[in-house]
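A short write-up of the structure that comes next.
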Amino acid sequence: MLSRLYREGIKVASRPAKSLNVIKRDYSWTGRSHEGAKAWTAAGSIAVIASTCALGYLATDLLDPRVAYAEAPSSAKEFSPPERKDLPIFKKEEVKKHGKDSKTIWVTYKSGVYDITEFQKLHPGGDKILLAAGSAVDPYWSLYAQHQTKEVMEILEDYRIGSLDPKDVEAAKAVDASDPFRNDPERHPALIVNQQRPFNAEAPGELIMDYFRTPNELFFVRHHMPVPQVPKFRISFAKEGDSRSKG
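First residue of the sequence shown: 18, per my numbering; consecutive thereafter.
Here is the structure:
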């Protein structure tokens with residue numbers, strides 16, 4: 018068996034030229050294959066150039082980062098009702114008469130008085146707007162900041178019927194020095210008041226579900242005495258056995 022394989026190997030080795038010709042024919046490039054190779058070479062060159070340009074652009078972009086600027090915060094004047102001398106002046110007591118049980122619903126926002134009888138049916142927040150009926154919407158808007166837009170102000174102005182008497186604003190600022198509750202903070206009007214003095218109130222159920230954490234303005238209050246005026250103070254902590262203290 019081995020001798021036969023050896024003899025066959027001798028025969029194959031004796032024809033080297035023919036074998037080489039076969040190999041040459043099998044692996045020779047035709048004209049079309051040569052053009053394909055050129056195309057692939059060109060594509061590879063383009064890819065290398067594109068990658069180099071991209072890396073250069075990224076490097077330049079990182080060295081010179083772009084800066085995004087937020088819009089400037091809107092001024093308080095922008096969200097204040099314009100002065101309207103062509104409209105009547107209403108007292109605060111008159112506005113109170115137009116609460117949720119009245120045929121016409123009035124509210125105030127800063128110096129403006131508005132009749133929202135028709136709008137309350139279109140209000141996106143539903144009948145929650147009636148919580149401010151006969152009073153100011155300002156405290157509610159501080160909780161729902163989405164109202165602080167030009168579009169909302171334009172809609173509100175369409176329902177304006179007058180202006181609030183400036184004397185009422187000044188009277189609200191007056192403080193009786195003999196009143197022990199004179200330093201009590203101003204409460205949110207949405208609170209359900211169970212007792213005025215000492216103040217005892219709870220949050221309305223229809224607003225609690227709007228927040229995962231109840232806002233401080235709506236958190237329940239239960240006082241037994243007037244709210245004290247706490248002066249500025251500093252707390253110091255000292256480690257036992259250490260004379261140094263940290264504040």
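Even for Gly, the Cβ is constructed at its ideal location relative to N, Cα and C.
| Asked | Found |
| --- | --- |
| Rounded Cβ spacing between Y126 and P98 (contact assumed at less than 8 Å) | 6 Å |
| Check whether G142 and K113 have beta carbons under 8 Å apart | no |
| Which residues DSSP lists as bridging W123, in chain order | D132 |
| Close Cβ partners of F216 (< 6 Å) along its chain, the five nearest in sequence each way excluded | V238, H240 |
| Beta-carbon gap between L147 and A207 smaller than 8 Å | no |
| Sheet register partners of V210 (DSSP bridge) | A218 |
| Beta-carbon spacing of I133, Y176 below 8 Å | yes |
| Status (buried if at least 16 other CB within 10 Å, exposed otherwise) for R42 | Confidence at R42 is low in this model, with a pLDDT of 47, below 50, so the placement of that residue should be treated as unreliable; the coordinate-derived value is given next. Exposed: under 16 other Cβ atoms inside 10 Å. |
| Beta-carbon spacing of S180, G116 below 8 Å | no |
| Beta-carbon proximity list for D182, same chain, < 8 Å, skipping 5 on both sides | I106, F107, K108, K109 |
| DSSP state of V244 mapped onto helix, strand, coil | coil |
| F250 in three-state terms, based on DSSP | coil |
| Local Cβ density within 10 Å of V210, reported as buried at 16 or more and exposed below that | exposed |
| Coarse secondary structure for F96, derived from DSSP in three states | helix |
| For T231 and P202, the rounded distance between their alpha carbons | 18 Å |
| N- and C-terminal bounds of the beta strand (DSSP E) containing L181 | 177-181 |
| Residue environment, Y228, which counts as buried when at least 16 other CB atoms sit within 10 Å | exposed |
| Reduced DSSP category for A153 - H, G, I as helix; E, B as strand; rest coil | strand |
| Residue from A220, A153, H164 whose Cα sits closest to the Cα of F236 | A220 |
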